[in-house]
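In what follows, a single structure is set out as structure tokens and then discussed.
There are 2 protein chains.
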Amino acid sequence: MFADNPLCKVLGIQYPIIQGALAWISDGPFAAAVSNSGALGVIGPGMRPASEIIEEIEKARALTDKPFGVNVVLWPEQMEAHLKALFDAKVEIITTAISDPGNIIEMAHEHGALMLCLVGSVRHAQRLVAEGADVVIACSNEAGGHTGEIGGMVLVPAIADAVKVPVVASGGIADARGFAAALALGASGVQVGTRFVASKECPCHDNIKQAILHATEEDTLMTDHLSGSPMRGLRNRLLEEWARKEATATKQERRQHFKGRYKAAVYEGDTEMGSIPAGQVVGRIREIKSVNEIITDLVSGLEPVLDRLQRELS
Amino acid sequence: MFADNPLCKVLGIQYPIIQGALAWISDGPFAAAVSNSGALGVIGPGMRPASEIIEEIEKARALTDKPFGVNVVLWPEQMEAHLKALFDAKVEIITTAISDPGNIIEMAHEHGALMLCLVGSVRHAQRLVAEGADVVIACSNEAGGHTGEIGGMVLVPAIADAVKVPVVASGGIADARGFAAALALGASGVQVGTRFVASKECPCHDNIKQAILHATEEDTLMTDHLSGSPMRGLRNRLLEEWARKEATATKQERRQHFKGRYKAAVYEGDTEMGSIPAGQVVGRIREIKSVNEIITDLVSGLEPVLDRLQRELS
């Protein structure tokens, strides 16, 4: 399986599945659990101090000999310290959010790391590939967290046609049907985020997992959130109140509205006034599973999907 | 091929492909050309007088003995006269836009017609199936014209799991990769709209076809448009000006802004101040083809996509 898959080859993994970085919650042990199941685990440090990032990397290395990645948040405040930590620790795979990593790609290459960059349009993908991105992750409007405007049915084939590096589909994928669809659209693999939040191993508050299980596909909202960039999260009082005022709010009001709200969600379980990044795929997640079950389902479900397609064509 | 496909069976067509109704432009000869190529052509009367609808139905019948459908616009003003025309003409397949057809489903059944209803969420699909819809068309955020908020990667499998009638994926589909992806996601077939506008036979102004060929996937805009419901169209001066004022505009201003703008586009070729419904898939349309070529490409391209998927799994 996936013997000639370009994403598996470049990353040295068994299945072309990347776990989307979950800021503050996909820690070292979590990423190691994903990598041990044959996918690529990714540590999501959020804005932790650099010393803690190194601890998480060490924990992951103690638990797996498989490749894993680390996400870098492209906010100027801590970026330099984070990058130094990653380079010192000789991290081999770095992922970035949907933004412009600028000269980080070159720096990463000088330190022997691969750069996997999230993009939201063909233009964006072409620019980052020209700057050296090793893999582009096509982040569609369905996705949770910071994302773009273009739906996966269009974005994935458009980017697959436009660049030569492996393209990963991100957004709306929680099971083998989405995985198969992404491959059909021309992706080499998938990035899965929200589905992994509702996993046994995910170290976030149980209220968040329960909120995901009970949400429908209509229960997310896209706002400009804390960063000023479009972000999709579970629809709750925090986001609805913000949606009503974001057009006229000042930076100061924005900062005030979201201050501490992400940690209030993921650590304290505040589902009403906490910020819960989540994709529209919440509507298709009905059960908490182990990381290994999620990955096994994604992979073992491909064959029945293909059998059905073959029957249509025969 | 498609020997057991439930959509082909219920509609009596060769390929599970529906041509999305193009208001005022998919006339009788156009729908007949689509049906003669093995898909389902659909007449899009827009707000034409009922007598003209009957003429288009007669033209289609003179040109094909294959099934075709007629779209009903659910605006109170002409709906009754339109429905009477359809029932008098014994139209066998009726499609509706993304809205609530109410007791039209029952009336259509009394007159021996099948109802194919566009829906934007699981809730919406379940309600219309309970009311008797024979087929639901899952209209994703990617789509052109009036559409919903949910991306196809999520909407299609969610609706396929929730209802027992055939589900058609609509939004973002222009070629065999999208077709295969829709089938993988659990759809029985696809609805294709924007791709057919850029066809040789489409009787709209050539400027519109050229605008589609030159647009990228970022060149559409969703506004509340004339109807007050979300509608995606080609980004131009008309929509950009409206986007800036829609939040505070009165009904009167809305009517004024869009008055005659649709016909100005499709008949006179005004690409700046005309209203051009179009999906994000414009970014993947680079060539004007005949209706028959479009349908042949959709179908004959499936085999290579499946071969690629099989190679991944072997």
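Heads up: the protein sequence lines correspond to chains A and B, in order. Each residue of the first sequence is one higher than the one before, starting from 1 at the first, in our numbering. Each residue of the second sequence is one higher than the one before, starting from 1001 at the first, in our numbering. Backbone N, C-alpha and C fix where the C-beta goes; we use that ideal spot for every residue, glycine too. Predicted model only: the values in this text are computed from it and were never measured.
{"query": "Any non-hydrogen atom of the ligand PLP within 6 Å of B:E1268 CB", "result": "Only the bare structure without any ligand can be found here, which leaves the ligand PLP out of the picture."}
{"query": "B:T1095 (DSSP reduced to helix, strand or coil)", "result": "strand"}
{"query": "Backbone CA spacing between A:K164 and A:S188 [nearest angstrom]", "result": "11 Å"}
{"query": "7 Å Cβ cut-off: residues of chain B touching A:F196", "result": "Those do not exist, as A:F196 stays about 16 Å from chain B at its closest Cβ, beyond 7 Å."}
{"query": "Element boundaries [alpha helix (DSSP H), containing A:F68]", "result": "Where A:F68 is concerned, there is no enclosing alpha helix (DSSP H), although the beta strand (DSSP E) it sits in stretches over 68 to 72."}
{"query": "Pair within 7 Å by beta-carbon distance, A:G283 and A:T194", "result": "no"}
{"query": "Bounding residues of the beta strand (DSSP E) (the contiguous stretch that carries A:V168)", "result": "167 to 170"}
{"query": "Per-residue burial, B:G1151 [other beta carbons within 10 Å of its own, 16 or more giving buried]", "result": "buried"}
{"query": "Identity of the residue in B:I1285, B:P1277, B:A1062, B:L1309 nearest B:C1204 by Cα", "result": "B:P1277"}
{"query": "First and last residue of the uninterrupted alpha helix (DSSP H) at A:I53", "result": "50 to 63"}
{"query": "Beta-carbon spacing of A:T220, A:R237 below 7 Å", "result": "no"}
{"query": "Residues sharing a beta bridge with A:I17, DSSP", "result": "A:V190"}
{"query": "Endpoints, the beta strand (DSSP E) within which B:M1231 is located", "result": "1231 to 1234"}
{"query": "Cα-Cα separation, A:A62 to A:A31", "result": "12 Å"}
{"query": "Among B:W1075, B:A1184, B:L1128, B:R1232, nearest to B:G1171 - alpha-carbon criterion", "result": "B:R1232"}
{"query": "Chain A within 7 Å of B:N1236, Cβ atoms only", "result": "no"}
{"query": "Of the residues A:A160, A:V34, A:N292, A:G279, the one placed nearest A:L183, counting alpha carbons only", "result": "A:A160"}
{"query": "Spatially closest choice to A:V136 from A:E142, A:G112, A:P101, by CA coordinates", "result": "A:P101"}
{"query": "Proximity to B:A1247 [Cα-Cα], best of B:K1084, B:T1223, B:E1052, B:P1049", "result": "B:T1223"}
{"query": "For A:C139, the residue or residues it bridges with in DSSP", "result": "A:S170"}
{"query": "Alpha carbon of B:Q1078 to alpha carbon of A:E218, nearest angstrom", "result": "32 Å"}
{"query": "Residues, ordered as in the chain, of the region 275 to 290 of chain A that lie near chain B by beta-carbon distance below 8 Å", "result": "G279, Q280, V281, G283, R284"}
{"query": "Beta carbon proximity, A:S170 to chain B, threshold 7 Å", "result": "no"}
{"query": "Residue range of the beta strand (DSSP E) that includes A:L152", "result": "The sequence given here has Gly at residue 152 of chain A, not Leu. Taken as a continuous stretch (DSSP letters only), A:G152 belongs to no beta strand (DSSP E), being part of the alpha helix (DSSP H) at 152 to 162."}
{"query": "Bridge partner(s) assigned by DSSP for A:V42", "result": "A:G69"}
{"query": "Whole-angstrom distance between B:H1111 and B:I1017, CA atom to CA atom", "result": "24 Å"}
{"query": "Spatially closest choice to B:K1263 from B:E1201, B:G1046, B:S1035, B:T1296, by CA coordinates", "result": "B:G1046"}
{"query": "Minimum Cβ-Cβ distance from B:E1241 to chain A less than 7 Å", "result": "no"}
{"query": "Within chain A, partners of B:T1271 - CB distance below 7 Å", "result": "None at all; the shortest Cβ gap to chain A is about 21 Å."}
{"query": "Span of the beta strand (DSSP E), counted from its first residue to its last, around B:L1118", "result": "1114 to 1119"}
{"query": "Where the alpha helix (DSSP H) containing B:M1107 begins and where it ends", "result": "1104 to 1110"}
{"query": "Simplified DSSP state of B:L1226, which is helix, strand or coil", "result": "coil"}
{"query": "Under 7 Å by beta carbon: chain A residues contacting B:K1180", "result": "The identity of residue 1180 of chain B in the sequence shown is Ala, whereas the question assumes Lys. Here the neighbours are A184, L309."}
{"query": "Interface flag, A:E217 vs chain B, CB-CB below 7 Å", "result": "yes"}
{"query": "The region 31 to 40 of chain A touching the region 281 to 299 of chain A, judged by at least three CB pairs closer than 8 Å", "result": "yes"}
{"query": "B:L1022 in three-state terms, based on DSSP", "result": "coil"}
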